[in-house]
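K.L.:
Protein chains in written order, with our numbering: chain W, 1 to 310; chain A, 1 to 251.
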């Protein structure tokens, strides 16, 4: 028997009235993985995370964290999980340190945890804001406090639901660094994100949810290999005027002396396409082959584009 | 245990940070009632034998303040957490439904009790009030604030918007507390209204509490005690069932 999975999701169903939000989702996340949960809006990512966190009760199926059942053994699972919610929520009555201390207290941790709280404040660049009221913080700082609250009881499994939504580039980079550090320290990371670039850079394995069902569950490289197309960029020494039919149907755009052709990996050999270009009288001075990125695979699988921002 | 203590402490700190609004303001309001009503009605209203109206009024105003503030604490904290979304911080923790219940109720009892003591301390500067049984006074103050803290939890769990909570407060809590004998002895009412008053659980809270001061009451102290204990019990069972089911908290 191998190691207990960090998270096991077993035929999970959840309906909200007529909406079937989760349709038998079934996969597991191993300990120490950096796992990405992707999908368009309304795909069921947050519902799945909320089921895991105990905020939403599944209609059927089973969820466990490190082998403990999320419903019947919630005291264990909630100690093992640190969840960063998607919404920027805070309690306006309290200061940053108080928010962290109360959160630790709910998990039964008192003064003995203060050193860890101090460390979190420093790591999250909040040390100089420890006595600032939550209301007075910027959005990025509130996001960092949320991360601190999720980590205050040192959970082995950290779930981040769209942690970088609406944060500026600099903060996003620093959050990425911090999350990578948590992962390197042995935490299992489950990340939902709209930014496919983020998943591509960080995650080792990815599940893509669409309309409540997992349409893909693979390592990043397997998923990228599923891209059925690649782009061939060709630069000629002369203006490209006409193309034979077999090339015209592959051309995405022609611009002066350059063009981009979309080639099917299973059908179009690059060598034969280059031969056809030469046969058409076009001399080639440069070529570049670009493999599909996660976003392209995502679009193929879900029919939608992600929020590729930077 | 430390988890439930933290919730209790957080709830106490929460109301104490705005003590002007949550403690001082209701104390001042009760004192204004005392000044106005005692000035207008002293000598005109017959209450208990040998008890002047102003002294009679003080336990009633204390209990009214206890009732309203215990209710306000648990209900407002819950609705604010729900509306702003920070209730998630509690729902993500290993705290059980019983621990959530104890934390919220205990803090609301502390607020109700604090306001009640505040009213008493300032009121006795104005008029002397006898104390017949300190145990009965404290017992009824704790039990009654417990009833209202639990009722506040039900309202806070049920309400989805602030105006729903305000409706609960204005159309249920206020009328029941004003018509419970705060300002009068129900023996001065016509028979129909006397009968109706006996259906109001707040009446028993105030009547039993008043017995602790004067050794006299409209109904037997044992009956008031049983009604208030039964109210705490029934409402607590209901609230625990709501919390356990996740009603309006966990989807």
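From the three backbone atoms N, C-alpha and C, an ideal C-beta is built for every residue, glycine too.
Could you give the distance in angstroms between the alpha-carbon of residue 307 of chain W and the alpha-carbon of residue 195 of chain W?
P.N.:
Numbered from its first residue, the first chain carries residue 307 of chain W at position 307. Numbered from its first residue, the first chain carries residue 195 of chain W at position 195. Because the pLDDT of residue 307 of chain W is 42, which lies under 50, any placement of that residue in the model is unreliable, and the number read from its coordinates should be weighed accordingly. Using only the alpha carbons, I get a separation of about 5 Å.
K.L.:
Name, in chain order, the residues that DSSP records as bridge partners for residue 314 of chain W.
P.N.:
As displayed, chain W neither begins before 1 nor continues past 310, which places residue 314 of chain W out of reach and without an answer.
K.L.:
Assuming residue 8 of chain A and residue 166 of chain A form a contact by the criterion Cβ under 8 Å, report the distance between their Cβ atoms to the nearest whole angstrom.
P.N.:
The count along the second chain starts at 1 and reaches residue 8 of chain A at position 8. The count along the second chain starts at 1 and reaches residue 166 of chain A at position 166. That belief does not hold up - the Cβ atoms of residue 8 of chain A and residue 166 of chain A are roughly 26 Å apart, past 8 Å.
K.L.:
Hey, is residue 297 of chain W's beta-carbon within less than 8 Å of any beta-carbon in chain A?
P.N.:
Counting from 1 along the first chain, the entry for residue 297 of chain W is found at position 297. Output row for residue 297 of chain W: interface = no.
K.L.:
Compare the C-alpha of residue 10 of chain A against each of A:105, A:148, A:208, A:177 and name the closest.
P.N.:
Taking the first residue of the second chain as 1, we reach residue 10 of chain A at position 10. Of the listed residues, the one whose Cα sits closest to residue 10 of chain A is A:105.
K.L.:
With three or more C-beta pairs closer than 8 Å as the rule, is the region 175 to 185 of chain A touching the region 88 to 103 of chain A?
P.N.:
In short, these stretches do not touch, since the Cβ pair count stays below three.
K.L.:
In the structure shown, what three-state DSSP assignment does residue 203 of chain W receive?
P.N.:
In the first chain, counting from the first residue as 1, residue 203 of chain W sits at position 203. Reduced to three states, the DSSP call for residue 203 of chain W is coil.
K.L.:
Would you mind sorting residue 114 of chain A into buried or exposed? The rule is 16 or more other CB atoms within 10 Å of its CB.
P.N.:
For the purposes of this step, residue 114 of chain A is identified with residue 114 of the second chain, where counting begins at 1. Flag for residue 114 of chain A reads buried.
K.L.:
Would you mind reading off the limits of the alpha helix (DSSP H) that contains residue 13 of chain W?
P.N.:
In the first chain, counting from the first residue as 1, residue 13 of chain W sits at position 13. That residue, residue 13 of chain W, is in no alpha helix (DSSP H); its beta strand (DSSP E) goes 7 to 16.
K.L.:
Report buried or exposed for residue 187 of chain W, applying the criterion of at least 16 other Cβ atoms within 10 angstroms of its Cβ.
P.N.:
Residue 187 of chain W sits at position 187 when you count from the first residue of the first chain. With 16 or more Cβ atoms within 10 Å of its Cβ, residue 187 of chain W is classed as buried.
K.L.:
Under a CB-based cut-off of 8 Å, is residue 235 of chain W close to chain A?
P.N.:
Locating residue 235 of chain W in the first chain gives position 235, where the first residue counts as 1. Answer no: the Cβ-Cβ gap between residue 235 of chain W and chain A never drops below 8 Å.
K.L.:
Rounded to whole angstroms, what is the Cα-Cα separation between residue 25 of chain W and residue 37 of chain W?
P.N.:
Against the first chain, residue 25 of chain W aligns to sequence position 25. Against the first chain, residue 37 of chain W aligns to sequence position 37. Cα-Cα distance, rounded: 12 Å.
K.L.:
Under the three-state reduction of DSSP, which class applies to residue 218 of chain W: helix, strand or coil?
P.N.:
Indexing the first chain from 1 puts residue 218 of chain W at position 218. Reduced to three states, the DSSP call for residue 218 of chain W is strand.
K.L.:
Leaving out five residues on either side along the sequence, give the residues of the same chain with a beta carbon under 6 Å from the beta carbon of residue 131 of chain W.
P.N.:
Residue mapping note: residue 131 of chain W aligns to position 131 of the first chain, counting from 1. Cβ within range, chain order: 95.
K.L.:
Note the first and the last residue of the continuous beta strand (DSSP E) segment covering residue 20 of chain W.
P.N.:
On the first chain, position 20 is the one that residue 20 of chain W refers to. That run of the beta strand (DSSP E) goes 19 to 29.
K.L.:
For residue 214 of chain A, which of A:192, A:249, A:137, A:168 has the nearest alpha-carbon?
P.N.:
Locating residue 214 of chain A in the second chain gives position 214, where the first residue counts as 1. Of A:192, A:249, A:137, A:168, the residue nearest in Cα terms is A:137.
K.L.:
List the whole-angstrom C-beta distance separating residue 58 of chain W from residue 19 of chain W, where the pair is believed to meet the contact cut-off of C-beta under 8 Å.
P.N.:
For the purposes of this step, residue 58 of chain W is identified with residue 58 of the first chain, where counting begins at 1. For the purposes of this step, residue 19 of chain W is identified with residue 19 of the first chain, where counting begins at 1. At roughly 14 Å, the Cβ-Cβ gap does not stay under 8 Å, so residue 58 of chain W and residue 19 of chain W are not in contact.
K.L.:
Going by beta-carbon coordinates alone, are residue 5 of chain W and residue 209 of chain W separated by less than 8 Å?
P.N.:
In the first chain, residue 5 of chain W corresponds to position 5, counting from 1. In the first chain, residue 209 of chain W corresponds to position 209, counting from 1. No, the Cβ-Cβ distance between residue 5 of chain W and residue 209 of chain W is not below 8 Å.
K.L.:
Using the three-state DSSP reduction, which class does residue 133 of chain W fall into: helix, strand or coil?
P.N.:
On the first chain, position 133 is the one that residue 133 of chain W refers to. Residue 133 of chain W falls in the strand class under three-state DSSP.
K.L.:
Measure the alpha-carbon distance for residue 104 of chain W versus residue 25 of chain A and round it to whole angstroms.
P.N.:
In the first chain, the residue the question calls residue 104 of chain W occupies position 104. In the second chain, the residue the question calls residue 25 of chain A occupies position 25. Distance between the alpha carbons of residue 104 of chain W and residue 25 of chain A is about 33 Å.
K.L.:
What distance in whole Å lies between the Cβ atoms of residue 70 of chain A and residue 111 of chain A, which are believed to be in contact at a cut-off of 8 Å?
P.N.:
The sequence position of residue 111 of chain A within the second chain is 111, counting from 1. The sequence position of residue 70 of chain A within the second chain is 70, counting from 1. With 8 Å as the limit, residue 111 of chain A and residue 70 of chain A qualify as a contact, their Cβ atoms being about 6 Å apart.
K.L.:
DSSP three-state call for residue 68 of chain W: helix, strand or coil?
P.N.:
The residue you call residue 68 of chain W lines up with position 68 of the first chain. Strand at residue 68 of chain W.
K.L.:
Suppose the cutoff is 7 Å on Cβ atoms and the five residues either side in sequence are ignored; what does the same chain contact list for residue 240 of chain W look like?
P.N.:
In the first chain, the residue the question calls residue 240 of chain W occupies position 240. Hits under 7 Å: 254, 257, 259, 282.
K.L.:
Between the region 93 to 115 of chain A and chain W, which residues of the former have CB atoms less than 7 Å from a CB of the latter, in chain order?
P.N.:
Of all residues in the region 93 to 115 of chain A, 93, 94, 95 have a Cβ within less than 7 Å of some Cβ in chain W.
K.L.:
Which residues in chain A sit within 7 Å of residue 43 of chain W, going by Cβ to Cβ distance?
P.N.:
Position 43 of the first chain, counted from the first residue, corresponds to residue 43 of chain W. Residues of chain A passing the Cβ test: none, with the nearest at roughly 17 Å.
K.L.:
Going by DSSP in three states, residue 95 of chain W sits in which element: helix, strand or coil?
P.N.:
As a first step, residue 95 of chain W is located in the first chain; it is residue number 95 there, counting from the start. Strand.
K.L.:
Go ahead and pull the three-state DSSP assignment for residue 103 of chain A.
P.N.:
Along the second chain, read from residue 1 onward, the residue named residue 103 of chain A stands at position 103. Residue 103 of chain A falls in the helix class under three-state DSSP.
K.L.:
Compute the beta-carbon to beta-carbon distance between residue 92 of chain A and residue 83 of chain W, rounded to the nearest angstrom, for a pair I have assumed lies under 8 Å.
P.N.:
To locate residue 92 of chain A, count along the second chain from 1; it is residue 92. To locate residue 83 of chain W, count along the first chain from 1; it is residue 83. Right, the Cβ-Cβ distance comes to about 5 Å (below 8 Å), so this counts as a contact.
K.L.:
Going by the beta-carbon positions, is the gap between residue 54 of chain A and residue 127 of chain A smaller than 8 Å?
P.N.:
What you label residue 54 of chain A is simply residue 54 of the second chain in a count that begins at 1. What you label residue 127 of chain A is simply residue 127 of the second chain in a count that begins at 1. Yes, they are a contact pair.
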